[in-house]
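Colleague: My structure is below; once you've seen it, I'll send some questions.
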Amino acid sequence: MEDILQLERLTKVYGKGNHTAAENFTLTIKKGHIYGLIGPNGAGKTTIMKMIAGLTEPTGGKITIFGNEKDLEESRSRMSFMLEAPYLDGSMTAFENMEYIRYVRGVAREERIKEILDFVGLADTGKKPVKQFSLGMKQRLGIGMALLPGPEIMVLDEPVNGLDPEGIVDIRNILKRLCAEEKTTILISSHLLSELSELCTDFVIINHGKLVECFSDGELEERCRCFLTIKTNDINRTAAVLEEEFHVTEYQVMEKEEIRLYTHLDEVEKVSKSITDNGLILTKLALEGENLEEYYLSKVSQE
Ligand code: ATP
């Protein structure tokens, strides 16, 4: 797969050397992948995206886009960015807002507006001014405006922030289709990790401006530990039974009065029998796995 965006030891120090927002951040982005940029508040996500967009100058390091490290403005014309709430004129319709972008970005075909409004589910908004749109509709229009020039890479900073579950799913479906049908590469940040795990092919963890880890969805699956979730009417007694009968040490008592047992995964029947034989009432016994959120929290807490 082709490398289309490379960040090498990218560094940003704000002010007079007193705040390092990004430090030696190195990342290679491959064509057609969807990268989820995740990190705590203030980790440096927006700063990285702003440097890619050319909205803030790096204080160190190198950016290469489409193999070009010299004329970045030319390369950026093949990209689109939505780094804060999209700039929309509330008095104009969706079509008129798109028409404005068509003019500014020099997109030739007027029919493309109709195609894109269709794609983002706003084809039937007619004469309705954008100020009467819901937040979800505004975000979809913002994405439509970013899509108008047919970008090869899209950089989106928290595009689902504040949306309801339906709005979030709408954006997810739009981005998935874009990636599948147009092979558009996407870099997206969000604090909604369950959402990112549904959408992204790759994950990039950033903390204190530094890259913690970059891994694919397949690698995430391999790294997430599996466990047996056990729920009974007396969790402490259950833990004692597991220790006495199976000599287990690798387990955790979780909130919600559940135990996570990391061993004996292929002995579900034996575990279940010994719990019930000891007079306990078993209310849940399931083989489960860690998710992106738990993996992320374990990585960030190690920092
Ligand atoms: P969030 O998840 O809260 O949006 P973030 O990961 O996007 O955070 P950034 O906005 O990149 O983080 O900020 C990284 C750090 O740089 C923060 O400590 C922030 O206060 C600081 N910072 C950002 N912009 C500036 C600026 N213009 N001048 C000085 N410091 C800044």
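Mapping of the sequence shown onto this note's numbering: residues 1388 to 1690, in sequence order.
We put the CB at the ideal spot given by N, CA and C, even for glycine.
Taking all protein chains shown into account, decide if Val1591 is buried (16 or more other Cβ within 10 angstroms of its Cβ) or exposed.
Modeller: Using a 10 angstroms sphere on the CB of Val1591, the tally of other CB atoms reaches 16 or more, which defines it as buried.
Colleague: Would you kindly report the start and end of the unbroken beta strand (DSSP E) that includes Val1542?
Modeller: 1540-1544
Colleague: Does the beta carbon of Tyr1683 fall short of 8 Å from some heavy atom of ligand 1?
Modeller: no
Colleague: Taking 9 Å as the cut-off, decide whether the C-beta atoms of Thr1636 and Ile1668 are in contact.
Modeller: no
Colleague: Span of the alpha helix (DSSP H) holding Gly1529?
Modeller: Per DSSP, the continuous alpha helix (DSSP H) segment holding Gly1529 begins and ends at 1522-1534.
Colleague: Measuring straight from C-alpha to C-alpha, what distance separates Asp1511 and Leu1470?
Modeller: 27 Å
Colleague: Give me the Cα-Cα distance between Val1658 and Leu1629, rounded to the nearest whole angstrom.
Modeller: Approximately 8 Å between the Cα atoms of the pair.
Colleague: Among residues of its own chain, excluding the 5 on either side of Glu1582, which ones have a beta-carbon nearer than 8 Å to its beta-carbon?
Modeller: Val1547, Ile1555, Arg1559
Colleague: When you measure from the CB of Glu1545 to every non-hydrogen atom of ligand 1, does any distance come out below 8 Å?
Modeller: Of the heavy atoms belonging to ligand 1, at least one sits nearer than 8 Å to the Cβ of Glu1545.
Colleague: Roughly how many angstroms lie between the CA atoms of Ile1540 and Met1466, to the nearest whole one?
Modeller: So the alpha carbons of these two residues sit roughly 5 Å apart.
Colleague: Do Tyr1638 and Ala1626 count as a contact pair if the criterion is CB distance below 9 Å?
Modeller: yes
Colleague: Hey, would you say the C-beta of Tyr1422 is under 8 Å away from at least one heavy atom of ligand 1?
Modeller: Result no, Cβ not under 8 Å from ligand 1.
Colleague: Which residue spans inside the region 1606-1663 form an unbroken alpha helix (DSSP H) run of at least 4?
Modeller: 1622-1633
Colleague: Residues in the same chain with beta-carbon distance under 8 Å from Leu1579, minus the five sequence neighbours each way, listed in chain order, please.
Modeller: Val1547, Ile1555
Colleague: What does the alpha-carbon distance come out to for the pair Pro1516 and Gly1508?
Modeller: Cα-Cα distance, rounded: 16 Å.
Colleague: What whole-angstrom Cβ distance do Lys1570 and Gly1426 have, given they're in contact under 8 Å?
Modeller: Actually they do not touch by this definition, with Cβ atoms about 27 Å apart.
Colleague: What separation, rounded to the nearest whole angstrom, lies between the Cα atoms of Lys1399 and Gly1605?
Modeller: 31 Å
Colleague: Less than 9 Å separating the beta-carbons of Ile1596 and Thr1407?
Modeller: The amino acid at residue 1596 is misidentified as Ile; the sequence shows Gly. Yes, they are a contact pair.
Colleague: Going along the chain, which residues of its own chain have a beta-carbon closer than 8 Å to the beta-carbon of Leu1586, five neighbours each way excluded?
Modeller: Ile1421, Gly1423, Arg1559, Leu1562, Lys1563, Ile1575
Colleague: I'd like to confirm the pairing. Which residues does DSSP put opposite Glu1675 in its beta bridges?
Modeller: Phe1614
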